[in-house]
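Heads up: the structure comes next, in structure tokens.
Chains as they are written, first to last, in my numbering: chain A, 251 to 381; chain B, 1212 to 1353.
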């Protein structure tokens, strides 16, 4: 017996706005909406698929009344696949992300950013083919 | 430029390896091979300076589809409810008592591993069991 990691849930104020941001970051699509919730993913899970095999989880944005008070203890790391880390950071700044400081040293090869509601995430080394 | 498409989830924690091994048991994930050039994880750890030893660990989906989970040691403790959490699913496609039974069975499997049962939410049809992992990170069985 085991469980499947099916969703990464994110508490937020504006599920539509954050979902739109993360769709742009990850090339995901909105796959479900209900009161105060928006779910995005790179596929639409079916019962059969989830039972049969491991799956890429979806992201589920849930509206909550309280604001963010401290640095998140869980965060996403994203890896560019077809450009430099630096170019990807520039693209994400244009989408509404900001650079942020969580005490990381300046010689790190990843960049710490925050989404439009301040959720920290990291842009890691690129996975793009190197010439 | 197209989008990123690859992501992992990182946990701030006190004991990376212990937490990683817990999540392996929950999700059917596995400990990855040790870093290149090392026979075992213990060999790798012994090569590290004391202050870096046990500073991180990871677990991976053996099929390569699910995201890697990365655990990094941080000095500060957990002080607020996490704003990001994992949902783990065992009741897919089930409703009512059958679904509740599947969730309760999974909860019963996880408690001996060190998970904490917070409450059981059940409205006669839908159900969800919020739990805590061994460092107090919230997650839901649904």
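Backbone N, C-alpha and C fix where the C-beta goes; we use that ideal spot for every residue, glycine too. This structure is a prediction, so every number in the text was calculated from the model and none was measured.
For chain A, is any of its Cβ atoms less than 9 Å away from the one on residue i?
i                       : result
residue 1331 of chain B : no
residue 1251 of chain B : no
residue 1306 of chain B : no
residue 1259 of chain B : no
residue 1264 of chain B : no
residue 1345 of chain B : no
residue 1273 of chain B : yes
residue 1278 of chain B : yes
residue 1231 of chain B : no
residue 1311 of chain B : no
residue 1296 of chain B : yes
residue 1317 of chain B : yes
residue 1239 of chain B : yes
residue 1223 of chain B : yes
residue 1336 of chain B : no
residue 1301 of chain B : yes
For residue i and chain B, any beta-carbon pair shorter than 9 Å?
i                      : result
residue 343 of chain A : no
residue 285 of chain A : no
residue 261 of chain A : yes
residue 255 of chain A : yes
residue 304 of chain A : yes
residue 279 of chain A : no
residue 327 of chain A : yes
residue 251 of chain A : yes
residue 300 of chain A : yes
residue 359 of chain A : no
residue 297 of chain A : yes
residue 307 of chain A : yes
residue 320 of chain A : yes
From the DSSP output, read off the bridge partner residues of residue i.
i                       : result
residue 1283 of chain B : B:1223, B:1267
residue 1341 of chain B : B:1351
residue 259 of chain A  : A:310, B:1296
residue 284 of chain A  : A:287
residue 1332 of chain B : B:1339
residue 254 of chain A  : B:1300
residue 1289 of chain B : According to DSSP, residue 1289 of chain B bridges with nothing at all.
Could you tell me the distance, in whole angstroms, from the CA atom of residue i to the CA atom of residue j?
i                       : j                       : result
residue 1315 of chain B : residue 1336 of chain B : 14 Å
residue 1250 of chain B : residue 1242 of chain B : 14 Å
residue 298 of chain A  : residue 307 of chain A  : 15 Å
residue 320 of chain A  : residue 379 of chain A  : 37 Å
residue 333 of chain A  : residue 1319 of chain B : 46 Å
residue 282 of chain A  : residue 293 of chain A  : 11 Å
residue 351 of chain A  : residue 271 of chain A  : 20 Å
residue 1321 of chain B : residue 344 of chain A  : 43 Å
residue 1282 of chain B : residue 1340 of chain B : 24 Å
residue 284 of chain A  : residue 263 of chain A  : 15 Å
residue 1234 of chain B : residue 372 of chain A  : 22 Å
residue 1225 of chain B : residue 1284 of chain B : 5 Å
At 9 Å on the CB atoms, spell out the chain C contacts of residue i, in chain order.
i                      : result
residue 268 of chain A : Looking for chain C here will not work: the only protein chains present are A and B.
My understanding is that residue i touches residue j, with C-beta atoms under 8 Å, so please give their C-beta distance in whole angstroms.
i                       : j                       : result
residue 1293 of chain B : residue 324 of chain A  : 6 Å
residue 254 of chain A  : residue 1300 of chain B : 5 Å
residue 311 of chain A  : residue 287 of chain A  : 7 Å
residue 304 of chain A  : residue 1272 of chain B : 5 Å
residue 1276 of chain B : residue 258 of chain A  : That belief does not hold up - the Cβ atoms of residue 1276 of chain B and residue 258 of chain A are roughly 15 Å apart, past 8 Å.
Given the structure, does residue i come close to the ligand COA, in the sense that its CB is under 8 Å from one of the ligand's heavy atoms?
i                       : result
residue 1282 of chain B : This structure lacks the ligand COA, and indeed carries no ligand of any kind.
- Curious, which full-length beta strand (DSSP E) runs of at least 3 residues does the segment 303-375 of chain A contain? 308-313, 324-329, 361-364, 370-373
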